[in-house]
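Student:
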Amino acid sequence: MSVIRCDVLVIGAGAAGLMCALTAGQRGRMVQVIDHANKVGKKILMSGG
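Under the numbering used here, the residue at position 48 of the sequence shown is numbered 168, and the numbers go up by one with no gaps.
(1) Beta carbon of Val153, beta carbon of Ala133: below 9 Å?
(2) Determine the extent of the alpha helix (DSSP H) in which Ala133 is found, giving its start and end residues.
(3) Under DSSP, the beta strand (DSSP E) around Val160 begins and ends at which residues?
(4) Beta-carbon within less than 6 Å of Leu129's beta-carbon, same chain only, minus the 5 sequence neighbours each way: which residues are those?
(5) Does the Cβ of Ala141 have 16 or more other Cβ atoms within 10 Å, making it buried, or fewer, making it exposed?
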């Protein structure tokens, strides 16, 4: 198992999680996003967003 270092860990790649990750990244933070789905934003697509 490897260790991944980051400043911000976002759990959930839905609309709110992705917006949080984007904002943190724009502010110079190292961001990791994890989600149970096999594709980022899959829940957004399913809901028609």
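Even glycine gets a Cβ: it sits at the ideal position worked out from N, Cα and C.
Tutor: Per the coordinate set shown:
(1) A contact, by the Cβ cut-off of 9 Å.
(2) First-last for Ala133: undefined, no H or E at that position.
(3) Counting along the chain, Val160 falls outside any beta strand (DSSP E), and DSSP gives it neither H nor E.
(4) The residues are Gln152.
(5) buried
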